[in-house]
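4 protein chains.
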Amino acid sequence: MSITQDMVDTYPGNLAPLPLGLFVQCIDACLACGQGCTACADACLAEEELERLTRCIRLNLDCADICAATARVLSRQTDTDLRVTIAQLRACAAACEISAIECESHRHTHCQTCAEACRRCQKACEELLAALG
Amino acid sequence: MSITQDMVDTYPGNLAPLPLGLFVQCIDACLACGQGCTACADACLAEEELERLTRCIRLNLDCADICAATARVLSRQTDTDLRVTIAQLRACAAACEISAIECESHRHTHCQTCAEACRRCQKACEELLAALG
Amino acid sequence: MSITQDMVDTYPGNLAPLPLGLFVQCIDACLACGQGCTACADACLAEEELERLTRCIRLNLDCADICAATARVLSRQTDTDLRVTIAQLRACAAACEISAIECESHRHTHCQTCAEACRRCQKACEELLAALG
Amino acid sequence: MSITQDMVDTYPGNLAPLPLGLFVQCIDACLACGQGCTACADACLAEEELERLTRCIRLNLDCADICAATARVLSRQTDTDLRVTIAQLRACAAACEISAIECESHRHTHCQTCAEACRRCQKACEELLAALG
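Protein chains in written order, with numbering that gives the first Met the number 0: chain A, 0 to 132; chain B, 0 to 132; chain C, 0 to 132; chain D, 0 to 132.
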């Protein structure tokens, strides 16, 4: 259902030097990870061993907010200042990695599914960072 | 890439009476519409006839913020209060319809693509509202 | 530290027919309530009786997201479509009232403080809605 | 109207080693800067020389999203992972500085007012980063 690629393809300005495929991949990974982290934090609230999941909830809430901001920054192509893009991508990669490690330590299926989305988003951020030099 | 359905499927609490398929459809439509509106507002900034697009930009920015909040509310299943869900869905359906009408009035391909995402999200909100009675 | 009033005062367009003082009051109330709800949900995670606070956490997270979106919509004055403004204000008033009632039912000081911010935001939304007809 | 200090004061967990006054100052600066950037981007849309302000609009929209995410991360005290906090603070300081420089280059009063809020937020982020080592 994502229209991220279509929106990049119809941008009227000049985008030549940017690795647009990696932007699209990273935007979609941020949206999926942000949604997954929001849902995982919520699913943790319904677990019996809730008191053992407070770190998971907190990190997921942070990761959801950071992924949402990153998706917004990456979705804009007009007069991009790559210093902002790069700094936010670094924050997003860090948040995703730290949430992934926490979620991987819990046996709940929602944590495992969320961890995979965090790892995909971390990887997408790192690949885009590498391409941006 | 969306894991919305997976996160609903792995929620540990009792979700029986809610139309979960419509929740999933609406969350994904909100995410796609919010991304599309962010990108369309940005693409408008790169158009030559920018001064004719200020209403399109403004409505798209509103719609992006409202879709993001709606996707968050719908992604949570613990102790749902449907009065909040319904009120936010109504705001989202209204924002999507008004953005769609504006985008449909412009010939730019990014506006047309964004309008379609707005209409899908409006429809998803309205179908979920109808199911929630 | 808020510059909300200054930003309204320096807006270059024509704002004559809108109740700008109520917009400013409502924006600041949304920002304070959104921050308070984020912090209250987090403080609940540190309480011993965490399992009794899941509804409080969930409603606060919803309210924080809805307040943030509402503050954004109200902060824009260009080509305002009041149908969007009004629908989002109604959702915000509902979310604030329902969070306030929940927070008022808990004895924790952070819940009481958060409830007061929710009530102020609910009132600011309702006053602006009344003024907008 | 901010209740940021009150929410920190009523947090039930152990916050001893963190520079809480700097957290409060930075949260409030993020909220003010995010609101100011949202309003400045909108005010730019109403200026006659709109085509010269596209970079200002774009950077303000980025800064607003990054400030909002940063305020959320800083508002949470449970199980804080400072690696996430620090990475997001660095992104926020960068976004604020780059928006400030752009806004300072325009003569509009809304740009000047927004630039001051960006500089205050940049400084608050940098002071907190310095204190966190």
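We treat Cβ as the ideally placed atom computed from N, Cα and C, and that holds for glycine.
Nearest chain D C-beta to residue i closer than 7 Å, yes or no?
{"i": "aspartate 5 (chain C)", "result": "yes"}
{"i": "leucine 19 (chain C)", "result": "no"}
{"i": "proline 1 (chain C)", "result": "Reading off the sequence, residue 1 (chain C) comes out as serine, not proline. Yes, contact with chain D."}
{"i": "leucine 81 (chain B)", "result": "no"}
{"i": "glutamate 50 (chain B)", "result": "yes"}
If we cut at 7 Å on Cβ distances, does residue i have a partner in chain C?
{"i": "arginine 118 (chain B)", "result": "no"}
{"i": "threonine 53 (chain D)", "result": "no"}
{"i": "leucine 44 (chain A)", "result": "yes"}
{"i": "alanine 94 (chain B)", "result": "yes"}
{"i": "isoleucine 97 (chain B)", "result": "yes"}
Taking the straight line between their C-alpha atoms, what separation do you get for residue i and residue j?
{"i": "valine 83 (chain C)", "j": "alanine 129 (chain B)", "result": "20 Å"}
{"i": "glutamate 125 (chain D)", "j": "alanine 116 (chain D)", "result": "14 Å"}
{"i": "isoleucine 100 (chain B)", "j": "histidine 107 (chain B)", "result": "14 Å"}
{"i": "methionine 6 (chain D)", "j": "threonine 112 (chain D)", "result": "28 Å"}
{"i": "threonine 79 (chain A)", "j": "valine 72 (chain D)", "result": "25 Å"}
{"i": "tyrosine 10 (chain D)", "j": "cysteine 95 (chain C)", "result": "21 Å"}
{"i": "cysteine 91 (chain D)", "j": "isoleucine 85 (chain D)", "result": "10 Å"}
{"i": "leucine 81 (chain C)", "j": "arginine 57 (chain C)", "result": "29 Å"}
{"i": "serine 0 (chain D)", "j": "isoleucine 2 (chain C)", "result": "One detail in the question is off: residue 0 (chain D) reads as methionine in this sequence, not serine. Near 12 Å, if we compare the C-alpha coordinates of isoleucine 2 (chain C) and methionine 0 (chain D)."}
{"i": "leucine 60 (chain D)", "j": "cysteine 43 (chain B)", "result": "14 Å"}
{"i": "aspartate 64 (chain C)", "j": "proline 16 (chain B)", "result": "25 Å"}
{"i": "lysine 122 (chain B)", "j": "cysteine 25 (chain A)", "result": "27 Å"}
{"i": "valine 23 (chain B)", "j": "arginine 118 (chain B)", "result": "17 Å"}
{"i": "histidine 105 (chain A)", "j": "alanine 114 (chain A)", "result": "10 Å"}
{"i": "cysteine 62 (chain C)", "j": "serine 98 (chain C)", "result": "7 Å"}
{"i": "proline 18 (chain C)", "j": "aspartate 8 (chain A)", "result": "41 Å"}
{"i": "histidine 109 (chain B)", "j": "glutamine 87 (chain B)", "result": "26 Å"}
{"i": "arginine 75 (chain A)", "j": "asparagine 13 (chain D)", "result": "40 Å"}
{"i": "leucine 21 (chain B)", "j": "aspartate 41 (chain D)", "result": "34 Å"}
{"i": "leucine 52 (chain B)", "j": "threonine 77 (chain C)", "result": "11 Å"}
{"i": "cysteine 133 (chain D)", "j": "alanine 93 (chain C)", "result": "Chain D is shown from 0 up to 132; residue 133 (chain D) falls before or after that span and cannot be answered."}
{"i": "cysteine 55 (chain B)", "j": "cysteine 120 (chain A)", "result": "31 Å"}
{"i": "leucine 127 (chain B)", "j": "glycine 132 (chain A)", "result": "45 Å"}
{"i": "glutamine 188 (chain D)", "j": "glutamine 4 (chain A)", "result": "With chain D represented from 0 up to 132, any question about residue 188 (chain D) goes unanswered, as that position is not in the structure."}
{"i": "arginine 89 (chain A)", "j": "arginine 89 (chain B)", "result": "36 Å"}
Note down, in chain order, every chain C residue with its Cβ under 7 Å from the Cβ of residue i.
{"i": "alanine 130 (chain D)", "result": "Result: empty, since nearest Cβ-Cβ is about 19 Å, beyond 7 Å."}
{"i": "leucine 60 (chain B)", "result": "Arg75"}
Is there at least one Cβ from chain A nearer than 7 Å to residue i's Cβ?
{"i": "leucine 88 (chain B)", "result": "no"}
Against chain B, with Cβ distances strictly below 7 Å, would residue i count as a contact?
{"i": "histidine 105 (chain A)", "result": "no"}
{"i": "threonine 84 (chain A)", "result": "no"}
Below 8 Å on C-beta distance, what does residue i contact in chain B?
{"i": "glutamine 34 (chain A)", "result": "Ser1, Ile2, Thr3, Met6, Ile26, Leu30, Ala70 and Ser74"}
{"i": "cysteine 39 (chain A)", "result": "Met6"}
Please list, in chain order, the chain D residues whose beta carbon lies closer than 7 Å to that of residue i.
{"i": "isoleucine 56 (chain B)", "result": "Leu44"}
{"i": "threonine 112 (chain C)", "result": "Ile2, Asp5, Met6 and Thr9"}
In chain C, what lies closer than 8 Å to residue i by C-beta?
{"i": "alanine 67 (chain B)", "result": "Asp64 and Ala68"}
Practice prompt. Determine, using beta-carbon pairs with one atom in the region 26 to 40 of chain A and one in the region 66 to 73 of chain A, whether at least three such pairs fall under 8 Å.
Written response: The region 26 to 40 of chain A and the region 66 to 73 of chain A touch, with no fewer than 3 CB-CB distances between them shorter than 8 Å.
Worksheet item: Does the count of Cβ pairs from the region 31 to 46 of chain B and the region 46 to 64 of chain C closer than 8 Å reach three?
Response: With a cut-off of 8 Å, the region 46 to 64 of chain C and the region 31 to 46 of chain B do not count as touching, because too few Cβ pairs lie within range.
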